[in-house]
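Undergrad: I have a structure I would like to understand better, so I am pasting it below and will then ask my questions one at a time.
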Amino acid sequence: MIKRTIKKQILEKMELFPVIVITGPRQVGKSTLVVEIAKEKNYKYVTLDNFEERNLALQDPKFFIESKGYPLVIDEIQYAPILLEIIESIANKQRIENQPSNGLFILTGSQTFQMMKGVTQSLAGRATIINMQNLSVNEIMKRNECPFVPVLNKYIDKEVDRINADDLFHKIIKGFYPEMYKNSNMDVYSFYSAYVSTYLDRDVSEIINIKNKTRFHDFLMLLASLTGQELVFESLSKHLGITVVTIKEWISALETSGLIYLLKPYNEISITKRIVKRPKIYFTDTGLACHLIKIYDYKNLMISRFSGQLLETYVFNELRKGYLNNGYPFDIYYYRDNNQNEIDFILLSGGTLHLIECKKGMLFDLKDIKAFNCLSETKYRIGDSGIICLTDKIYSLKKDIHVFPVLAI
2 MIKRTIKKQI LEKMELFPVI VITGPRQVGK STLVVEIAKE KNYKYVTLDN FEERNLALQD
62 PKFFIESKGY PLVIDEIQYA PILLEIIESI ANKQRIENQP SNGLFILTGS QTFQMMKGVT
122 QSLAGRATII NMQNLSVNEI MKRNECPFVP VLNKYIDKEV DRINADDLFH KIIKGFYPEM
182 YKNSNMDVYS FYSAYVSTYL DRDVSEIINI KNKTRFHDFL MLLASLTGQE LVFESLSKHL
242 GITVVTIKEW ISALETSGLI YLLKPYNEIS ITKRIVKRPK IYFTDTGLAC HLIKIYDYKN
302 LMISRFSGQL LETYVFNELR KGYLNNGYPF DIYYYRDNNQ NEIDFILLSG GTLHLIECKK
362 GMLFDLKDIK AFNCLSETKY RIGDSGIICL TDKIYSLKKD IHVFPVLAI
């Protein structure tokens with residue numbers, strides 16, 4: 002079993018909050034992890050995927066909790082959000098009576114609107130929300146996982162693992178769902194075909210009413226081809242022949258389910274007049290994106306027009322996992338202006354901006370990051386910045402601009 006970095010964060014939060022809510026897309030390993038924690042910490046466990054348990058929870062939520070006892074893990078809580086009211090009353094009662102109140106409940110669920118609304122309303126101040134993603138490369142390689150910042154002295158005495166382009170793009174095609182690494186007999190096409198079918202029939206239907214699933218599947222394929230690109234609702238609407246309102250509704254459903262991430266443009270008053278204000282879209286798993294655009298072989302991906310986009314998507318997701326898994330805020334943006342100057346990622350960390358470009362090659366010079374000069378008027382300090390690419394070693398372009406291999410993140 003692959004050790005999950007986020008487990009340490011969950012254990013720490015169990016000492017601080019009555020309720021820990023673990024959210025994230027389906028199949029990222031939430032259930033596996035909480036079952037492991039339940040066994041280690043002697044928690045009771047129940048899943049609402051079980052129809053009988055779900056029915057009891059909906060019909061008599063108070064008795065359901067009383068019959069299970071606590072501390073308790075409830076898997077798939079989104080199927081019975083009414084339980085949140087009972088959990089709130091128990092947490093309040095424990096606190097009033099000066100009884101141990103932290104770590105009473107661990108809840109898991111996909112990020113449905115109804116469930117998250119119940120958490121923020123009923124459990125405000127009593128719950129912490131932890132966003133779990135699929136496997137990171139660091140977890141797969143059994144390496145220590147830390148939030149990445151492009152600061153040279155973090156790596157100057159550290160041997161950075163190398164990976165060739167073939168191996169990297171093979172990982173991008175395979176994706177990072179745990180099942181792909183647990184079951185050696187699982188092939189890419191079979192897994193993602195089943196994933197898409199399950200997602201269409203189950204998750205999306207719970208959020209919005211999809212009347213035409215074929216049209217929605219066409220939308221998914223088109224959207225996957227845009228990963229790493231600006232999201233233009235009007236263009237999608239025109240191409241698919243559906244309204245902008247519907248496009249926005251579907252985008253919201255995918256975002257709520259954790260399958261995509263909308264990256265906001267960087268914005269400061271001093272530069273706001275000249276920047277593009279549309280978000281960029283990233284699929285949260287490269288394997289799923291590759292499946293949707295019908296690329297199943299890494300060699301075909303490497304020579305396709307999507308190779309740069311999928312590499313950027315991979316880098317973005319690994320950056321994000323490093324921050325989320327360690328419980329750090331992930332304040333990241335992108336920059337593009339009316340003159341087509343673009344910076345892939347602007348990472349805000351400790352009041353400092355770090356500018357990051359993602360590129361396919363290995364050798365670069367300062368002209369490749371000339372867009373960095375567009376932020377000369379920023380109110381923040383600009384710290385060490387650089388390029389993440391296919392180089393096999395770290396090197397510097399100047400004192401505060403460095404080039405990093407993809408496995409440095």
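Heads up: the sequence shown runs through residues 2 to 410, numbered per my numbering. Think of the CB as a built atom: it goes at the ideal place given N, C-alpha and C, for glycine as much as any other residue.
Count the CB pairs spanning the stretch 142 to 155 and the stretch 324 to 344 that are closer than 8 Å, and state whether there are at least three.
TA: At 8 Å Cβ cutoff, the stretches touch.
Undergrad: Give the secondary structure of residue 129 by DSSP, where H, G and I count as helix, E and B as strand, and everything else as coil.
TA: Residue 129 falls in the strand class under three-state DSSP.
Undergrad: Which whole runs of the alpha helix (DSSP H) in the stretch 16 to 97 are 4 residues long or more, in chain order?
TA: Entirely contained in the stretch 16 to 97, the alpha helix (DSSP H) runs reaching 4 residues are, in chain order, 31 to 42, 52 to 60, 62 to 69, 84 to 97.
Undergrad: For residue 289, count neighbouring C-beta atoms within 10 Å of its own C-beta (all shown protein chains included) and say buried if the count is 16 or more, exposed if not.
TA: The residue in question, residue 289, is buried, as its Cβ has 16 or more Cβ neighbours within 10 Å.
Undergrad: Measuring only the C-alpha atoms, how far is residue 198 from residue 215?
TA: So the alpha carbons of these two residues sit roughly 11 Å apart.
Undergrad: Does DSSP classify residue 102 as helix, strand or coil?
TA: Three-state DSSP puts residue 102 in coil, outside helix and strand.
Undergrad: Alpha carbon to alpha carbon, how far is residue 405 from residue 392? Give it in angstroms, no decimals.
TA: Whole-angstrom Cα-Cα distance: 7 Å.
Undergrad: Tell me, to the nearest whole angstrom, how far the beta carbon of residue 89 is from that of residue 127; I am working on the premise that it is less than 8 Å.
TA: Indeed, because the Cβ distance is near 7 Å, the residues count as touching under 8 Å.
Undergrad: Give me the Cα-Cα distance between residue 37 and residue 77, rounded to the nearest whole angstrom.
TA: Approximately 16 Å between the Cα atoms of the pair.
Undergrad: Just checking, does the stretch 26 to 44 make contact with the stretch 52 to 67 on the three C-beta pairs under 8 Å criterion?
TA: Judged by Cβ distances under 8 Å, the stretch 26 to 44 makes no contact with the stretch 52 to 67, as fewer than three pairs qualify.
Undergrad: Let me check one thing: in DSSP terms, what residues is residue 281 bridge-paired to?
TA: For residue 281, which the question treats as bridged, DSSP gives the partners 231, 264.
Undergrad: First and last residue of the alpha helix (DSSP H) that includes residue 173?
TA: Where residue 173 is concerned, the enclosing alpha helix (DSSP H) stretches over 166 to 175.
Undergrad: May I have the straight-line CA-CA distance separating residue 403 from residue 322, to the nearest angstrom?
TA: One C-alpha to the other measures close to 22 Å.
Undergrad: If I follow the unbroken alpha helix (DSSP H) through residue 315, where does it start and stop?
TA: Counting along the chain, the alpha helix (DSSP H) containing residue 315 begins and ends at 308 to 326.
Undergrad: Using a Cβ-Cβ cutoff of less than 6 Å, which residues in the same chain neighbour residue 350 once the five nearest sequence positions on both sides are dropped?
TA: Around residue 350: 150.
Undergrad: May I ask which residues mark the beginning and end of the alpha helix (DSSP H) holding residue 396?
TA: First-last for residue 396: 396 to 399, but that is the beta strand (DSSP E), not the alpha helix (DSSP H).
Undergrad: List the whole-angstrom C-beta distance separating residue 257 from residue 283, where the pair is believed to meet the contact cut-off of C-beta under 8 Å.
TA: At roughly 15 Å, the Cβ-Cβ gap does not stay under 8 Å, so residue 257 and residue 283 are not in contact.
Undergrad: Identify the residues that DSSP records as bridge partners of residue 197: which are they?
TA: The partner list for residue 197 (beta bridge, DSSP) is empty, contrary to what the question assumes.
Undergrad: Within 10 Å of its beta-carbon, does residue 360 have 16 or more other beta-carbons around it, so buried, or fewer, so exposed?
TA: The residue in question, residue 360, is buried, as its Cβ has 16 or more Cβ neighbours within 10 Å.
Undergrad: Taking the DSSP output, what are the residues bridged to residue 393?
TA: Note: residue 393 sits in no beta bridge, so no partner.
Undergrad: On a Cα-Cα basis, can you pick out the residue from 64, 100, 72 that is closest to residue 83?
TA: Residue 83 has its Cα closest to that of 64, out of 64, 100, 72.
Undergrad: Residue 256 lies in the alpha helix (DSSP H); which residues open and close that run?
TA: Element bounds for residue 256: 245 to 257.
Undergrad: Tell me the residue span of the alpha helix (DSSP H) that contains residue 180.
TA: 180 to 183 is the span of the alpha helix (DSSP H), which, as asked, contains residue 180.
Undergrad: Per DSSP, what kind of secondary structure is residue 146 in: helix, strand or coil?
TA: Here residue 146 sits in coil by DSSP.
Undergrad: If we ignore side chains and look at the alpha-carbon of each, how far apart do residue 358 and residue 132 end up?
TA: Spanning the two alpha carbons is a distance of roughly 26 Å.
Undergrad: Using 8 Å for Cβ pairs, my map puts residue 44 next to residue 26. What's the rounded Cβ distance?
TA: 24 Å between Cβ atoms; not a contact.
Undergrad: Can you tell me which of 381, 397, 382 puts its alpha carbon nearest to the alpha carbon of residue 388?
TA: For the residues 381, 397, 382, the minimum Cα distance to residue 388 belongs to 397.
Undergrad: So, helix, strand or coil for residue 288, using DSSP?
TA: Reduced to three states, the DSSP call for residue 288 is helix.
Undergrad: Between residue 482 and residue 174, what straight-line distance do the alpha-carbon atoms span, to the nearest angstrom?
TA: Outside the displayed span of the chain (2 to 410) sits residue 482, for which this structure offers no information.
Undergrad: Under 8 Å, Cβ to Cβ, is there at least one residue of chain B near residue 167?
TA: Considering every chain present, this structure includes no chain B. It has just one protein chain.
Undergrad: Enumerate in chain order the residues of its own chain whose CB-to-CB distance from residue 260 is below 8 Å, with the five nearest sequence positions on each side excluded.
TA: Around residue 260: 26, 200, 284, 285, 286, 289.
Undergrad: So what's residue 156 in DSSP terms, helix, strand or just coil?
TA: Coil at residue 156, not helix or strand.
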